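*Asks:*
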Amino acid sequence: MKIFIDTADVEEIKRLNDIGIIDGVTTNPSLIAKEGRNFEQVVKEITEIVDGPISAEAVSLDAEGMIKEGKELSKIHKNIIIKVPMTSEGIKAVKVLEAEGIKCNVTLTFSANQAILAAKAGASFVSPFVGRLDDIGEKGMDVIKEIVEIYKNYNFKTEIIVASVRNLEHVKESGMLGAHIATIPPKLINEMFKHELTDKGIKKFLEDWEKVKDK
Ligand code: G3P
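Sequential numbering of the sequence shown, starting at 0, is according to numbering that gives the first Met the number 0.
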C-alpha cells in the first residue's frame, strides 16, 4: 500500500518525507489556496522533496485547455501527474495526455461507473473521494470496494487513490480492500504513528532500564 500526502504544505511534506514513508503527493486548488503561495512554485518545491508521483490540477473545463495546461505542468518535472476532473472533457483530455506519455489522475470521482470510464481512458490514477461521499450520507468506502473488484475483473492498470480521507478507519479500510494508494492529510499521517500502549511501553522499558543499566 502506498501512502501519498494530501497537502501543499511544503514543511509538512519535508518532515514526513524525511521519515521515509511518503510515496507521492496530491494537491488541489483548495490546498494550494490554503498556503496562499504561487501554484507552480509550490509544485516545483514539492518535486524537489519527494521522488514519486506529484499530482497538480488543471483548472480548465474544456479538454483543449486541460491538455494545454497538462503539457505545461508536465514540463516542471518528470514526476508531475495531471489531475483532471471526472467529466467527459476531462476523460477526453486523459486519453490524449496519456497517449503522449503524460500521466493523469482523474479526480472528483464518486462512483464505480465513473472509475470504469477513467480506466477505459487509460488514466494512470483515479481518485474516488470517500469523505465527501460520507458527507452526503453514503458509504465512501463501499465505492472503493466496488472499484477494486471491477479493476481486478478486467486487470485494469489504473491505480486507485483513496482520496478525501478523513479518519483512520478510511486508511485502514483502504489497506484491507486492497486500494493501491491512500492520499492522507499530514494530521492523519501523524495520528497513524500513535498508540497509547506504545507510549506506555516505552516509558516502562526506560524505567526498567534505569534499574539495571549500571549493574
Ligand atoms: O484528496 C482530495 C482531498 O484533498 C479532498 O479532501 O477533505 O476536501 O474532501 P476533502
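From the three backbone atoms N, C-alpha and C, an ideal C-beta is built for every residue, glycine too.
Fair warning: this is a prediction, and the values are worked out from it, not measured in the lab.
(1) Could you check what DSSP says for Leu107 in three-state terms: helix, strand or coil?
(2) With Val164 and Met191 assumed to form a contact (beta carbons below 8 Å), what rounded beta-carbon distance in angstroms separates them?
(3) Pull up the CB-CB distance for Lys82 and Thr106, whole angstroms please, since I reckon it's below 8 Å.
(4) For the ligand G3P, is there any heavy atom lying closer than 8 Å to the beta carbon of Ile162?
(5) Roughly how many angstroms separate the alpha carbons of Glu37 and Ile20, rounded to a whole number?
(6) Give the single residue among Glu68, Glu145 and Leu187 whose Cα lies nearest to the Cα of Glu177.
(7) Any chance the CB of Gly35 is under 8 Å from a heavy atom of the ligand G3P?
(8) Just to confirm, does Ser110 get its C-beta within under 8 Å of one of the non-hydrogen atoms of the ligand G3P?
(9) CA-CA distance, Lys33 and Asp213?
(10) Looking at Asn104: is its Cβ nearer than 9 Å to the Cβ of Pro184?
(11) Please classify Gly100: is it buried, with 16 or more other beta-carbons within 10 angstroms of its beta-carbon, or exposed?
(12) Name the two residues that bound the continuous beta strand (DSSP E) containing Val164.
(13) Sort Ile160, Val147, Lys119 and Lys13 by Cα distance to Pro127 and report the nearest one.
(14) Measuring only the C-alpha atoms, how far is Ile48 from Asn27?
*Replies:* Put simply:
(1) Along the sequence shown, read from residue 1 onward, the residue named residue 107 stands at position 108. Note: Leu107 maps to strand in three-state DSSP.
(2) For the purposes of this step, residue 164 is taken as the residue at position 165 of the sequence shown. For the purposes of this step, residue 191 is taken as the residue at position 192 of the sequence shown. About 11 Å separates the two Cβ atoms, so there is no contact after all.
(3) Your numbering for residue 82 matches position 83 in the sequence shown. Your numbering for residue 106 matches position 107 in the sequence shown. Yes, they are in contact, since the Cβ atoms of Lys82 and Thr106 sit about 5 Å apart, within 8 Å.
(4) Walking along the sequence shown from the start, residue 162 turns up at place 163. The sequence as given places Ala at residue 162; Ile does not occur at that position. Yes, since a heavy atom of the ligand G3P falls inside the 8 Å radius drawn around the Cβ of Ala162.
(5) Here residue 37 refers to the residue found at position 38 of the sequence shown. Here residue 20 refers to the residue found at position 21 of the sequence shown. Reading off the sequence shown, one finds Asn at residue 37, where the question assumed Glu. Approximately 27 Å, taken between the alpha carbons.
(6) Taking the sequence shown and counting its residues from 1, the one referred to as residue 177 is at position 178. According to the sequence displayed, residue 177 carries Gly and not Glu. The option with the nearest alpha carbon to Gly177 is Glu145.
(7) Against the sequence shown, residue 35 aligns to sequence position 36. No, since every heavy atom of the ligand G3P falls outside the 8 Å radius drawn around the Cβ of Gly35.
(8) Here residue 110 refers to the residue found at position 111 of the sequence shown. No, since every heavy atom of the ligand G3P falls outside the 8 Å radius drawn around the Cβ of Ser110.
(9) As a first step, residue 33 is located in the sequence shown; it is residue number 34 there, counting from the start. As a first step, residue 213 is located in the sequence shown; it is residue number 214 there, counting from the start. The alpha-carbon atoms of Lys33 and Asp213 are separated by roughly 52 Å.
(10) Locating residue 104 in the sequence shown gives position 105, where the first residue counts as 1. Locating residue 184 in the sequence shown gives position 185, where the first residue counts as 1. No, the Cβ-Cβ distance between Asn104 and Pro184 is not below 9 Å.
(11) Start at 1 with the first residue of the sequence shown, and residue 100 comes out as number 101. With fewer than 16 Cβ atoms within 10 Å of its Cβ, Gly100 is classed as exposed.
(12) On the sequence shown, position 165 is the one that residue 164 refers to. Looking at the DSSP string, Val164 is not in any beta strand (DSSP E), and its letter there is neither H nor E.
(13) The count along the sequence shown starts at 1 and reaches residue 127 at position 128. Here the closest residue by C-alpha is Ile160.
(14) Against the sequence shown, residue 48 aligns to sequence position 49. Against the sequence shown, residue 27 aligns to sequence position 28. Answer to the nearest angstrom: the Cα atoms are 18 Å apart.
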